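Chemist: Below is one structure. I have some questions about it.
Residue numbers (the numbering used here), protein chains in the order written: chain L, -10 to 316; chain B, -10 to 316.
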């Protein structure tokens, strides 16, 4: 039996995932804007995964993992720990397959996140704050149900699913006679960036793959530069989707396929988010703005390039926008 | 010489406009969202004209009108009065043709609107507030330059250009094997709605065409129901794109091709705008939310229907959102 937390996915797994999830996931549009190009000094193409179901690319990996379960495994249901977009994505993917989903979530998680998971019919199990409490409750649930754990990023099925966004992106560009020489994605646990890097380098070996990370959550950048996974970097960013630490499996892929990881400050991220709202007219969440922030903060690295950016998610609290005073 | 403020456009004019503006305007995407469908009790398809250049459908009509000028007319430049999206659209359309644009604008217009027009290289001429002062200054400019006046809606070239959005929308739906039985667009001066109605009824005679208007700016609805143009209806709406009064030429088309005009309250418009931001993840301006507000306010009229909605614009002040206290 494959250990999905150890076996590195290959490009064939992304191709297989694309076939498996077709019809379940949305083919999201690619957008661009001349004003942003002028500001950035390069040509930008945005792959709109915030317009994916549940409002994030996470639905691709979750759907691939859930559809990869055997009928016997599926009968016992899927289990995950995530208060964010992955939890909602697993919930919806399970509902679509008609199987049980259990999401272990700290009692302190915001009500909106809990509602999002419940809306798609998953069972929510409360736990205390902290990874140890979460792991203990998750182990109980797995024992009790015999269900399958689907980790948000340290899982080859998840990485392969996330990689389908880039496969689709490059296909859409080819259909439109467009071309990119650089692709950026945000990095947190690394599921999206490693899937992006694997897909991009397999399809277009000379492409440059750049991870984009908040300077105040720089564990992936630090790990990449030192050549070993560092997990004790302090994390304090408004990007609520980017607070996880890089996982071992994604890290191994990044070491092979990623060219660099660049950082952006909190203010640069907020400014980039506002530019995306103003000019691209997309309500993306802060995490989605990190790649544009990195491009604007490093003009020499991108001047006159054809740059692809994956907009990762659009789940944002409209009552607390980062540029509004007192929010 | 054709009087563009009197001759009713025909569907052939929309076809000709589509050919003329191809390559200049964006083919904007069509988006949908299952959560909005559930809330509305019908299947909604959104044509994203807020993703058009200058952030509004207005660029279609402006481009058609500017490209319709003879070389001799073009040499003397285009003139308009508009502090809103039409002014910016004329400015950019003229810059693209390489001709002069003059926009007459009240001194009281917000700085952001002025900057928007200046950014595209138009000349801005200040005038005092009020239509009489505006008309006097415009007449001076026309005399001085010999330029051509391009009215924002009471002009057959403008109406034909706006109608191309619906032509493209119905073509995109057909390509995707989708179908709508009802189409809604917001109404103000009536350029968009009359172009929408002409295109829709010409391409699909059994389609239902519904105008959507703020209850606090209900002159088009009132005019439509009484069968004569009423111009003294009080106007007090947050929809800054919908404060004009229905024009004679659009009104004549609406009487022939529109099935009804329905109203939404200010609160219904704000709620619908927030739903579009939350679920469709599009930063649309209040005017764009009126059709969805009308659908949600009249569930019986749309139950189980396949409904197309034109999202008209996305130019919104992110510092003053209507659901934020004290803004």
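Idealized CB from N, CA, C, for every residue including glycine. Note that the structure is predicted; figures quoted are calculated from it, not measured.
Do residue 228/B and residue 279/B have their beta-carbon atoms positioned less than 8 angstroms apart in this structure?
Modeler: Going by C-beta atoms, residue 279/B is nearer than 8 angstroms to residue 228/B.
Chemist: Mind pulling the chain L residues with CB within less than 7 angstroms of residue 39/B?
Modeler: What residue 39/B touches in chain L: 270.
Chemist: Whole angstroms are fine: how far does the CA of residue 93/L sit from the CA of residue 83/L?
Modeler: So the alpha carbons of these two residues sit roughly 15 angstroms apart.
Chemist: Return the CA-CA distance between residue 25/L and residue 126/L, expressed in angstroms with no decimal places.
Modeler: Roughly 46 angstroms between the two C-alpha positions.
Chemist: Contact criterion: CB-CB distance below 8 angstroms. Does residue 30/B meet it with respect to chain L?
Modeler: It does not; no Cβ of chain L falls within 8 angstroms.
Chemist: In chain order, what residues of the same chain lie with their CB nearer than 7 angstroms to the CB of residue 91/L, ignoring the 5 residues before and after it?
Modeler: The answer, listed in chain order, is 66, 68, 111, 112, 114, 130, 134 and 136.
Chemist: Residue 267/B CB to nearest chain L CB: under 8 angstroms?
Modeler: Yes, its Cβ sits closer than 8 angstroms to a Cβ of chain L.
Chemist: Cβ atoms of residue 39/L and residue 300/L: under 8 angstroms apart, would you say?
Modeler: A contact, by the Cβ cut-off of 8 angstroms.
Chemist: For residue 98/L, name the three-state secondary structure that DSSP assigns.
Modeler: Three-state DSSP puts residue 98/L in coil, outside helix and strand.
Chemist: Return the CA-CA distance between residue 218/B and residue 224/B, expressed in angstroms with no decimal places.
Modeler: If I take the Cα positions, the gap works out to 15 angstroms.
Chemist: For residue 273/B, I'd like the list of residues in its chain whose CB is within less than 6 angstroms of its CB, leaving aside the five on either flank, ordered along the chain.
Modeler: Result list for residue 273/B: 39, 265, 300 and 303, in chain order.
Chemist: What residues from chain B crowd round residue 44/L, counting only those whose CB sits closer than 7 angstroms?
Modeler: Residues of chain B passing the Cβ test: 270.
Chemist: Which chain L residues are close to residue 307/B, counting only those with a beta carbon under 8 angstroms from its beta carbon?
Modeler: The answer, in chain order, is 263, 266, 267, 310 and 312.
Chemist: Comparing C-alpha positions only, which one of 199/L, 15/L, 221/L and 198/L sits nearest to residue 206/L?
Modeler: Looking at the Cα atoms, 221/L is the closest of the given residues.
Chemist: Give me the DSSP bridge partner(s) of residue 242/L.
Modeler: Its beta-bridge partners do not exist; DSSP assigns none.
Chemist: Taking all protein chains shown into account, do 16 or more other C-beta atoms lie within 10 angstroms of the C-beta of residue 183/L, making it buried, or fewer, making it exposed?
Modeler: Its Cβ being crowded by 16 or more others within 10 Å, residue 183/L is buried.
Chemist: Hey, residue 157/B and residue 16/B are a contact pair by Cβ (cut 8 angstroms); roughly how many whole angstroms apart?
Modeler: That belief holds up - the Cβ atoms of residue 157/B and residue 16/B are roughly 6 angstroms apart, short of 8 angstroms.
Chemist: Could you check whether residue 44/B and residue 142/B sit closer than 8 angstroms to each other, using their CB atoms as the reference points?
Modeler: No, they are not a contact pair.
Chemist: Anything in chain A within Cβ reach of residue 303/L, meaning under 8 angstroms, just list it in chain order.
Modeler: No chain A is part of this structure, whose protein chains are labelled L and B.
Chemist: Are the C-beta of residue 285/B and some C-beta of chain L separated by less than 8 angstroms?
Modeler: Answer no: the Cβ-Cβ gap between residue 285/B and chain L never drops below 8 angstroms.
Chemist: Just to check my reading of the structure: residue 30/L and residue 239/L have Cβ atoms closer than 8 angstroms, yes? What is that Cβ distance to the nearest angstrom?
Modeler: Not a contact, Cβ separation roughly 30 angstroms.
Chemist: Given that a residue counts as buried once 16 or more other Cβ atoms are within 10 Å of its Cβ, and exposed if not, what is residue 215/L?
Modeler: When all chains shown are included, residue 215/L counts as exposed.
Chemist: Counting only Cβ pairs nearer than 8 angstroms, list the residues of chain B close to residue 18/L.
Modeler: Neighbours of residue 18/L on chain B, chain order: 18 and 20.
Chemist: For residue 185/L, which three-state DSSP category applies?
Modeler: Reduced to three states, the DSSP call for residue 185/L is helix.
Chemist: Can you give me the C-alpha to C-alpha distance between residue 20/B and residue 61/L, rounded to a whole angstrom?
Modeler: C-alpha separation (whole angstroms): 37 angstroms.
Chemist: Residue ranges of each beta strand (DSSP E) run of no fewer than 3 residues wholly in the segment 272 to 308 of chain L, ordered along the chain?
Modeler: Qualifying beta strand (DSSP E) stretches, in chain order: 295 to 300.
Chemist: Label residue 245/B either buried or exposed according to how many other C-beta atoms from any shown protein chain fall within 10 Å of its C-beta, with 16 as the threshold for buried.
Modeler: By the neighbour-count rule (16 or more Cβ atoms within 10 Å), residue 245/B is not buried but exposed.
Chemist: Taking the CB atoms as reference points, tell me whether residue 197/B and residue 234/B lie closer together than 8 angstroms.
Modeler: No, Cβ-Cβ distance for residue 197/B and residue 234/B is not below 8 angstroms.
Chemist: So what does residue 36/L bridge to, in DSSP terms?
Modeler: Answer by DSSP bridge pairing, in chain order: 19/L and 299/L.
Chemist: Going by other Cβ atoms of all chains shown within 10 Å of its Cβ, with 16 needed for buried, is residue 32/B buried or exposed?
Modeler: It counts as buried.
Chemist: Could you check the C-alpha separation between residue 27/L and residue 293/L for me, to the nearest Å?
Modeler: When rounded, the distance between both Cα atoms is 10 angstroms.
Chemist: Using the C-alpha atoms, what's the distance from residue 263/B back to residue 270/B?
Modeler: Cα-Cα distance, rounded: 9 angstroms.
Chemist: Considering only their Cβ atoms, is the gap separating residue 3/B from residue 79/B smaller than 8 angstroms?
Modeler: No, they are not a contact pair.
Chemist: Given this structure, state the Cα-to-Cα distance separating residue 103/L from residue 72/L, to the nearest angstrom.
Modeler: Looking at the two C-alpha atoms, the distance is approximately 7 angstroms.
Chemist: Are residue 258/B and residue 282/B touching if we call contact CB-CB under 8 angstroms?
Modeler: Taking 8 angstroms as the Cβ cut-off, residue 258/B and residue 282/B qualify as a contacting pair.
Chemist: Return the chain-ordered list of same chain residues with a C-beta closer than 7 angstroms to the C-beta of residue 86/B, the five sequence neighbours on each side being excluded.
Modeler: 55, 56 and 63.
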